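In what follows, a structure is listed as structure tokens, so that the remarks can point back to it.
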Amino acid sequence: MIMTHPGLPIELAIIIGISMLLLGLWALKSKAPSHTTTASTSLAHVPIVGTFFKYISQHTWPLLLLKIVFALLFVLIVVAGLWGTPIVERNLATTLTWNFWWTGIIIAILFSGSAWCAICPWDNIASWLVNHKLWHRSNSNSRLQLRVPNVLRNIWPASLLFIGFTWLELGVGIVASPYATALLALAMVILATTTLALFKGKAFCRYMCPVGRTVGAYSQLAPVALRPINSDTCRSCKTLECYHGSESIAPCPTQQIMGRLQENTYCTSCGNCTQSCPSHNISWQIRSPSSEAINDARPHTDEAFFMLILLALTLFHGLTMLDHWQIYISQIAQNINDSGQLLLSFTIGLIACLLLPILLYGVSIWLTSKLCDETAEVSFKKLFSGFAFVSLPLAFSYHIAHNLNHFIRESSNWTELLSNPLGIDTQPLSMMEKHIRHMAMMIPENMLFALQGLLMAAGFFIAVQVIRHRGSHLFAARGIQLLPMLLFATLISGINLWMLVQPMTMRM
12 MIMTHPGLPI ELAIIIGISM LLLGLWALKS KAPSHTTTAS TSLAHVPIVG
62 TFFKYISQHT WPLLLLKIVF ALLFVLIVVA GLWGTPIVER NLATTLTWNF
112 WWTGIIIAIL FSGSAWCAIC PWDNIASWLV NHKLWHRSNS NSRLQLRVPN
162 VLRNIWPASL LFIGFTWLEL GVGIVASPYA TALLALAMVI LATTTLALFK
212 GKAFCRYMCP VGRTVGAYSQ LAPVALRPIN SDTCRSCKTL ECYHGSESIA
262 PCPTQQIMGR LQENTYCTSC GNCTQSCPSH NISWQIRSPS SEAINDARPH
312 TDEAFFMLIL LALTLFHGLT MLDHWQIYIS QIAQNINDSG QLLLSFTIGL
362 IACLLLPILL YGVSIWLTSK LCDETAEVSF KKLFSGFAFV SLPLAFSYHI
412 AHNLNHFIRE SSNWTELLSN PLGIDTQPLS MMEKHIRHMA MMIPENMLFA
462 LQGLLMAAGF FIAVQVIRHR GSHLFAARGI QLLPMLLFAT LISGINLWML
512 VQPMTMRM
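Rendered as structure tokens:
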């Protein structure tokens with residue numbers, strides 16, 4: 012028997028839908044927005060917590076301790092996956108990876124930006140293996156320091172790996188296999204280690220990691236980021252320790268210069284710049300949420316496609332957990348005579364779900380280009396890249412709303428799992444245990460629905476702001492010229508809202 016979660020109340024969905032339509036009409040009638048400078052406040056200057064943030068920015072041991080803790084958890088996951096019970100819900104490898112980390116990391120971005128990358132065990136274990144040091148700059152000769160080939164100097168590798176992850180997760184079903192989960196974890200460490208040994212910097216983090224690029228994209232909407240405390244100090248700096256490093260601290264792994272940094276996309280929050288800056292001028296900042304996506308960030312074509320792929324795969328994740336998905340797959344399988352695990356049918360469905368949102372976006376951009384003032388001379392490519400940020404709030408809001416269902420409704424007995432991570436001598440959950448777990452929510456159901464509704468409304472509002480500001484910046488657009496992109500955002504939000512209303516299958 013498959014357990015399902017109830018969907019968002021239809022009354023709430025209707026209210027949100029009407030609010031979206033009214034907001035879209037307002038955007039058509041409103042004046043062109045004026046460009047505003049992003050306001051930010053250094054957490055180092057905030058009373059009470061300022062001392063704490065100054066301390067963790069200038070001392071290595073807090074971050075190093077977290078790195079070691081998460082690396083040990085990673086080792087425990089691999090051990091549990093390789094030698095533990097195959098019972099999914101009783102093995103720490105699958106529950107911690109898919110129910111907690113894979114679900115919680117998206118929610119955590121909202122509060123911590125790209126901080127996960129700083130404690131990521133894939134990169135940290137690779138760094139320790141190659142550099143032979145836990146922290147300071149390495150003098151090891153174990154790296155070839157080759158230049159990353161031009162064909163890899165983009166985030167298409169991350170996009171392809173992300174699609175591959177999705178195929179393995181939802182198609183092959185590695186979420187139901189502790190052993191496969193452990194093998195995937197080891198494969199990522201091997202890839203990170205190999206690229207670190209071969210290339211300069213951290214090519215894996217910069218170009219290949221699907222999780223890191225997802226965190227980087229979404230963190231453009233986060234209210235926190237590492238930034239200079241005093242911009243004038245950075246402008247007068249000639250030595251650029253944040254980029255080159257110092258005698259004891261390694262250079263920026265993704266080649267960022269803090270004084271010129273406008274977006275979080277490639278900042279891994281590793282702390283190298285905070286440690287190497289001789290003026291101690293870098294700290295965590297609180298800023299206006301989504302300011303990067305609305306105004307500051309400037310994407311390349313590969314980054315634009317990654318954001319659209321992220322949107323498409325987020326929609327796809329939601330769709331595969333609805334009852335309708337099995338009907339679609341069965342129909343495809345009948346038409347092509349597919350049988351068994353229906354991997355071919357699943358692959359066709361995945362490709363279709365990838366292409367449709369991107370094609371819809373492309374049509375919206377083409378229509379927008381036709382509405383441009385002829386004197387603007389804005390190319391399709393520039394519009395395609397510039398407006399791609401609209402996909403971020405649409406994907407992020409639904410991603411969090413969807414993951415809240417898993418996170419709040421599918422709690423595990425963590426005391427039992429941590430005391431017996433390999434699940435030795437355990438039995439599968441009974442239907443009664445599954446029902447009890449289903450009912451034992453972390454927060455009341457109405458509060459969950461309210462949070463999901465608020466997220467959907469906020470995501471659409473930010474998407475509208477992205478369209479208004481970027482339209483004004485790209486070709487002084489306003490009113491009817493924004494209609495194709497507003498319709499795109501409304502349609503995607505409508506699909507997201509419809510999926511939230513449907514009952515959703517439990518992950519395990």
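Going by my numbering, the sequence shown opens with residue 12, and the numbers climb by one from there. Ideal placement from N, C-alpha and C gives every residue a C-beta, glycine not left out. Quick caveat: nothing in here was measured; it's all calculated off a predicted structure.
If you ignore the 5 residues before and after Asn-275, its C-beta comes within less than 8 Å of the C-beta of Gly-124, Ser-125, Gly-227, Ser-230, Gln-231, Ala-233, Ala-236, Glu-303, all in its own chain and listed in chain order.
For Gln-69, the enclosing alpha helix (DSSP H) covers residues 60-69.
For Asn-241, the closest C-alpha among the options Gly-270, Pro-73, Ile-503 is that of Gly-270. With contacts defined as CB atoms closer than 9 Å, Cys-284 and Gln-267 qualify as a contacting pair. Taking C-beta separations shorter than 8 Å and ignoring five residues to either side along the sequence, the partners of Ile-116 in its chain run Trp-127, Val-222, Val-226, following chain order. Bounds of the alpha helix (DSSP H) holding Pro-495 are 494-512. Proximity to Ile-21 across Ser-287, Asn-457, Met-450, Leu-179 peaks at Asn-457, based on C-alpha coordinates. Residues of the same chain with a CB within less than 7 Å of the CB of Pro-239, apart from the 5 flanking positions on each side, are Cys-245, Met-269, Gly-270, Asn-292, Ile-293 in chain order. In this structure Cys-253 touches Cys-288 by the C-beta definition: roughly 6 Å separates them, less than 8 Å. Across the structure, Leu-354 and Leu-361 are spaced so that their CA atoms are roughly 10 Å apart. Between the C-alpha atoms of Ala-198 and Lys-211 there is a straight-line separation of about 21 Å.
Annotated three-state conformation of Gln-267 is coil, per DSSP. Using a Cβ distance threshold of 9 Å, Leu-93 and Ala-193 count as a contacting pair. The stretch 500-509 makes no contact with the stretch 60-75, as fewer than three CB pairs between them are under 8 Å.
By the criterion of a C-beta distance shorter than 7 Å, Leu-462 is surrounded in its chain by Leu-415, once the five residues flanking it on both sides are discounted.
Judged by their CB atoms, Ile-88 and Thr-437 are not nearer to each other than the 9 Å cut-off. Between Ser-138 and Pro-168, the alpha-carbon positions lie close to 20 Å from each other. Trp-295: not part of any alpha helix (DSSP H); member of the beta strand (DSSP E) spanning 293-298, first to last residue. In this structure, DSSP gives Arg-238 an extended state, which the three-state scheme calls strand. Judged by DSSP secondary structure, Ser-51 falls within the beta strand (DSSP E) whose first and last residues are 51-53. Nearest to Trp-37 by C-alpha distance, out of His-484, Phe-471, Pro-514, is Phe-471. Listed in chain order, the non-local C-beta contacts of Met-318 below 8 Å within the same chain comprise Ala-228, Pro-310, Ala-399, Phe-400, Ser-402, Leu-403, Ala-406, local neighbours out to five positions each way being set aside.
Residue nearest to Ala-469 within the set Ala-412, Val-60, Leu-498 is Ala-412 (criterion: CA-CA distance). Using a 10 angstroms sphere on the CB of Pro-262, the tally of other CB atoms reaches 16 or more, which defines it as buried.
Counting the other CB atoms within 10 Å of its CB gives Ile-473 a total of 16 or more, which places it among the buried residues. Around the beta-carbon of Gly-329, 16 or more other beta-carbon atoms lie within 10 Å, marking it buried. Excluding sequence positions up to five before and after Arg-217, its CB lies within less than 7 Å of the CB of Thr-265, Tyr-277, all in the same chain and listed in chain order.
Leu-433 places its beta carbon 9 Å or farther from that of Phe-327. Here DSSP, grouped into helix, strand and coil, assigns Leu-415 to helix.
If one requires a minimum length of 4 residues, the alpha helix (DSSP H) runs lying completely within the stretch 92-164 are 113-123, 127-130, 132-142, in chain order. According to the DSSP assignment, Phe-210 belongs to no alpha helix (DSSP H), since it is labelled neither H nor E. Residue pairing from DSSP places Thr-516 in a beta bridge opposite Thr-15. If the five residues before and after Lys-65 are omitted, its C-beta is found closer than 6 Å to the C-beta atoms of Ala-55, all from its own chain and listed in chain order. Using a Cβ distance threshold of 9 Å, Phe-357 and Trp-178 count as a contacting pair.
Each of Ile-305, Ala-323, Thr-426 was checked against the Cα of Ser-483, and the nearest Cα belongs to Ile-305. For the set Thr-379, Leu-157, Arg-158, Ile-320, the Cα lying nearest the Cα of Ser-170 is the one of Ile-320.
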